[in-house]
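One structure is given below, encoded as structure tokens.
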Ligand SMILES: [Ca+2]
Ligand SMILES: [Ca+2]
Ligand SMILES: [Ca+2]
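In our numbering, the protein residues as written are 143 to 397.
Structure representation (structure tokens):
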């Protein structure tokens, strides 16, 4: 049985490049992944994706729940868990999301404009130019790995340690320049369900979300541009960070 999924683009957006190539015989109709993508004014497409994953937004309600979705906009993170401090990787376990930064030192949420450390918003404390090249979908905080450009996101039944799968994950990026940002989705056995490239939008917002017919995604490998935060952008250096995360209600992995 092939693990290939058929990507179907929702709406008029282009520039989604998926490594997903073909279906497998009679089960094709069950192996369609819907791809939602937009740049610039992304609000309508984000709302379509929210609807596709299901209502309501379950906030920080403990699971297990059978329907709806979860969201993280980072804005409620307290100063002592925001840059220059690291965010604990399990801070959002109440929403069923765990984060690691392979090869890096951890993950951070950007400072807001009033904070004890006087760190600049939008990761301007790491490079002053970032405060103008990064923008927000939900003000003021953004999210990034540190000393790495990769985050692995895994899921639990919200509020528990029980491993879980979701039917989709999507998120907002800011300042994707050369198409080096991507999501790759993996099932519970570590098999890739496809890698999707984020559409570029210099200094602006991009959105990509993928919705599968059932809860099959156990891990998302998130790539942020082609460099860890720190250097100036150039023809060969693309840094990008992220704002809102949206994902299906985590469901316990079955036997
Ligand atoms: Ca935010
Ligand atoms: Ca740029
Ligand atoms: Ca960039």
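Just so it is clear, CB atoms sit at the ideal spot from N, CA and C, and this is done for glycine as well.
Query: So, do the stretch 379 to 387 and the stretch 298 to 317 have three or more beta carbon pairs nearer to each other than 8 Å?; Result: yes
Query: Assuming residue 268 and residue 347 are in contact, meaning their beta carbons sit under 8 Å apart, how far apart are those beta carbons, in whole angstroms?; Result: About 20 Å; that fails the 8 Å criterion.
Query: Can the beta-carbon of residue 312 be found closer than 8 Å to that of residue 352?; Result: yes
Query: How big is the Cα-Cα spacing for residue 304 and residue 202?; Result: 16 Å
Query: Comparing the CB of residue 344 with every heavy atom of ligand 1, is any distance shorter than 7 Å?; Result: no
Query: Does DSSP put residue 185 in a helix, in a strand, or in coil?; Result: helix
Query: Would the stretch 273 to 293 count as touching the stretch 325 to 338 if we require 3 or more Cβ pairs under 8 Å?; Result: no
Query: Is the stretch 333 to 345 close to the stretch 172 to 188, with three or more CB pairs under 8 Å?; Result: yes
Query: Kindly indicate the opening and closing residues of the beta strand (DSSP E) around residue 286.; Result: 285 to 288
Query: Does chain D have any CB closer than 8 Å to the CB of residue 269?; Result: Absence of chain D from the displayed structure is noted, only one protein chain being present.
Query: Of the residues 209, 301, 343, which one's Cα is nearest the Cα of residue 232?; Result: 301
Query: If you run the structure through DSSP and keep just helix, strand and coil, what is residue 173?; Result: coil
Query: Taking the C-alpha atoms as reference points, what is the distance between residue 277 and residue 270?; Result: 13 Å
Query: Which of helix, strand or coil does DSSP assign to residue 319?; Result: coil
Query: Quick one: is residue 257 buried, meaning 16 or more other Cβ sit within 10 Å of its Cβ, or exposed?; Result: buried
Query: I need the straight-line Cα distance from residue 255 to residue 182, nearest angstrom please.; Result: 24 Å
Query: I need the boundaries of the beta strand (DSSP E) containing residue 327, first residue and last residue.; Result: 324 to 328
Query: Where do the ends of the alpha helix (DSSP H) carrying residue 273 lie?; Result: 272 to 275
Query: By DSSP, does residue 309 sit in helix, in strand, or in coil?; Result: coil
Query: Verify whether the separation of the beta carbon atoms of residue 210 and residue 391 is less than 8 Å.; Result: yes
Query: Hey, how far is the Cα of residue 238 from the Cα of residue 282?; Result: 23 Å
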